[in-house]
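What follows is a short report on a single structure.
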Amino acid sequence: MRALRWHGRGDLRLEEVPEPPEPRPGEALVEVTYAGICGTDLHEHAHGPNLIREGPHPLTGVRPPVTLGHEFSGRVVALGSPVPGIEPGTRVAVDPCLRCGTCRWCRHGEYHICAKGGSVGLASPGAFAPLVTVPAYGLVPVPDGVSDQLAALAEPLAVGLHAVRRAGVQPGDNVLLLGAGPIGIAVLMALGLAGAAGIYVSEPAPDRAKRAAELGATEVFDPAVTDVRREVFLRTGRIGPDVVVEATGRPELVELAVSTVRRGGRAVLAGISGGAASLPLKQIVPFERTVLGTLGYNFDIPRVLDLVAAARFDPAPLLTGVYPLSRGLDAFHDLGSGSHLKILLDPKEH
Ligand SMILES: [Zn+2]
Ligand SMILES: [Zn+2]
Numbered sequence: 000m001r002a003l004r005w006h007g008r009g010d011l012r013l014e015e016v017p018e019p020p021e022p023r024p025g026e027a028l029v030e031v032t033y034a035g036i037c038g039t040d041l042h043e044h045a046h047g048p049n050l051i052r053e054g055p056h057p058l059t060g061v062r063p064p065v066t067l068g069h070e071f072s073g074r075v076v077a078l079g080s081p082v083p084g085i086e087p088g089t090r091v092a093v094d095p096c097l098r099c100g101t102c103r104w105c106r107h108g109e110y111h112i113c114a115k116g117g118s119v120g121l122a123s124p125g126a127f128a129p130l131v132t133v134p135a136y137g138l139v140p141v142p143d144g145v146s147d148q149l150a151a152l153a154e155p156l157a158v159g160l161h162a163v164r165r166a167g168v169q170p171g172d173n174v175l176l177l178g179a180g181p182i183g184i185a186v187l188m189a190l191g192l193a194g195a196a197g198i199y200v201s202e203p204a205p206d207r208a209k210r211a212a213e214l215g216a217t218e219v220f221d222p223a224v225t226d227v228r229r230e231v232f233l234r235t236g237r238i239g240p241d242v243v244v245e246a247t248g249r250p251e252l253v254e255l256a257v258s259t260v261r262r263g264g265r266a267v268l269a270g271i272s273g274g275a276a277s278l279p280l281k282q283i284v285p286f287e288r289t290v291l292g293t294l295g296y297n298f299d300i301p302r303v304l305d306l307v308a309a310a311r312f313d314p315a316p317l318l319t320g321v322y323p324l325s326r327g328l329d330a331f332h333d334l335g336s337g338s339h340l341k342i343l344l345d346p347k348e349h
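Note that numbering that gives the first Met the number 0 has the sequence shown beginning at 0, numbered continuously upward.
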């Protein structure tokens, strides 16, 4: 079968690989219907390895080259052992978070911060291929009425839902969101669900700013020409936002997030990079501000699917392109050039 594999930085290859073997107990073989390209995938391609291990992954033993793709929907082809409620043919989304199941965090249900954790499509072969093997614990049945394409968007949206949960956003809160890239947009959509009253967005790229406004932002500021901190302060009764979500991973914005959130508020860091941020203690301790990180999701994918099935949440605006897997390299290029938000790859043969 054809798979899009990461061999190293700047070295992504569409190549022939063997089909996966019959699943072992606890595994499932899934036929991929759609698989989204994530910012993480772009980052591994442009600047990696970042999350990909050069040596064997401690949990899976997998080492590069590795097939990318961790945001996907599919149909179960075979199960290595019975799974209640799931059988061959069941439509599924997949929680791609690999976990050991025995560490302190797994035992507390915090599998997304497992001591040995990894992800399908980074630490094991992923979904940029017609077939993928996943742990059965990651299978999430897709409710009737939720399309395969929308189901493939559940994973990135779960990141937003989880971040908003971590942030403790309450109905009526004012929130400043720094960055309207894929994570920022997922957070923005989840903020609407959480009942945020004012959703202010700082985004310099015009197309992203426009999309944020269309998706429910109260007001979008261009930080290149606006003092965002001051403008949001003025619009929140000179209090400041209850929550600031940093969704770019740019270290210099962390200080802005902390100094902008109201006294007693929460600065939530959802973006990541290798850089170091400077945090003035005078901005944190005397004002009892909280700074916290948020990573991925933790039982959030089924919640997204249920919200979509209940017509409470429409992920469709996230989707800006569907490419056949054979054009996967073009899709990476086009996504990297900025005008897209989410591209799905379709690995079925055309
Ligand atoms: Zn991702
Ligand atoms: Zn664990």
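Cβ coordinates follow ideal geometry from the N, Cα and C atoms, glycine included.
**Proximity of Leu401 and Glu43 at Cβ, strictly below 9 Å** = Within the shown structure, residues of the chain are numbered from 0 to 349, placing residue 401 beyond reach of any answer.
**Prompt:** ligand 2 heavy atoms versus the CB of Cys99: any closer than 8 Å?
**Reply:** Indexing the sequence shown from 1 puts residue 99 at position 100. At least one heavy atom of ligand 2 is nearer than 8 Å to the Cβ of Cys99, so yes.
**Asked** What three-state label does DSSP hand Asp10 in the structure shown?
**Response** The residue given as residue 10 occupies position 11 in the sequence shown. If DSSP states are grouped into helix, strand and coil, Asp10 belongs with the strands.
**Message:** Using 8 Å for Cβ pairs, my map puts Ala126 next to His69. What's the rounded Cβ distance?
**Reply:** As a working note, residue 126 is residue 127 in the sequence shown. As a working note, residue 69 is residue 70 in the sequence shown. About 7 Å; that satisfies the 8 Å criterion.
**Asked** Should Ala114 be counted as a contact of ligand 2 given a C-beta to heavy atom distance under 8 Å?
**Response** Within the sequence shown, the letter at position 115 stands for residue 114. Yes, since a heavy atom of ligand 2 falls inside the 8 Å radius drawn around the Cβ of Ala114.
**Asked** Any heavy atom of ligand 3 closer than 8 Å to the Cβ of Trp104?
**Response** For the structure depicted, ligand 3 is absent and the ligand set comprises only ligand 1 and ligand 2.
**Request:** Look at the alpha carbon of Ala34 and the alpha carbon of Phe286, and state the distance between them as a whole number of angstroms.
**Result:** Sequence index remark: in the sequence shown, residue 34 carries index 35 (1-based). Sequence index remark: in the sequence shown, residue 286 carries index 287 (1-based). About 44 Å.
**Item:** Burial state of Ser338 (16 or more Cβ within 10 Å)
**Value:** Looking up residue 338 in the sequence shown gives position 339. Exposed.
**Message:** On the CB-based measure, 16 or more other CB atoms within 10 Å of its CB, does Glu213 come out buried or exposed?
**Reply:** Along the sequence shown, one-based indexing puts residue 213 at 214. So Glu213 ends up on the exposed side.
**Asked** Relative to the alpha-carbon of Gly292, which residue among Ala2, Gly79, His111, Ala315 has its alpha-carbon at the smallest distance?
**Response** In the sequence shown, residue 292 corresponds to position 293, counting from 1. Among Ala2, Gly79, His111, Ala315, the Cα nearest to that of Gly292 belongs to His111.
**Item:** Any non-hydrogen atom of ligand 2 closer than 8 Å to Tyr110 Cβ
**Value:** Taking the sequence shown and counting its residues from 1, one reaches residue 110 at position 111. Checking every heavy atom of ligand 2 against the Cβ of Tyr110, one is found closer than 8 Å.
**Item:** For Pro147, three-class secondary structure by DSSP
**Value:** For this step, residue 147 is matched to residue 148 along the sequence shown. Per the sequence shown, residue 147 should be read as Asp rather than Pro. Three-state result, Asp147: helix.
**Member of Leu3, Ala92, Pro63 whose CA lies at the smallest distance from the CA of Arg302** = As a working note, residue 302 is residue 303 in the sequence shown. The residue with the shortest Cα to Cα distance from Arg302 is Ala92.
**Asked** According to the neighbour-count rule (16 or more other Cβ atoms, all chains shown, within 10 Å of its Cβ), is Thr101 buried or exposed?
**Response** As a position in the sequence shown, residue 101 is number 102, starting the count at 1. That one is exposed.
**Request:** Indicate whether Ser123 and Leu97 have their beta-carbon atoms separated by less than 9 Å.
**Result:** Sequence index remark: in the sequence shown, residue 123 carries index 124 (1-based). Sequence index remark: in the sequence shown, residue 97 carries index 98 (1-based). Yes.
**Item:** Burial state of Pro155, where buried means 16 or more other Cβ atoms lie within 10 Å
**Value:** Locating residue 155 in the sequence shown gives position 156, where the first residue counts as 1. Result: buried.
**Request:** Give a single yes or no on whether His339 has its beta carbon closer than 8 Å to a heavy atom of ligand 1.
**Result:** Indexing the sequence shown from 1 puts residue 339 at position 340. Not so, every heavy atom of ligand 1 lies at least 8 Å from the Cβ.
**Asked** With burial defined as no fewer than 16 other Cβ atoms inside 10 Å of the residue's Cβ, what is the status of Pro205: buried or exposed?
**Response** If you number the sequence shown from 1, residue 205 lands on position 206. Exposed, by the Cβ-count rule.
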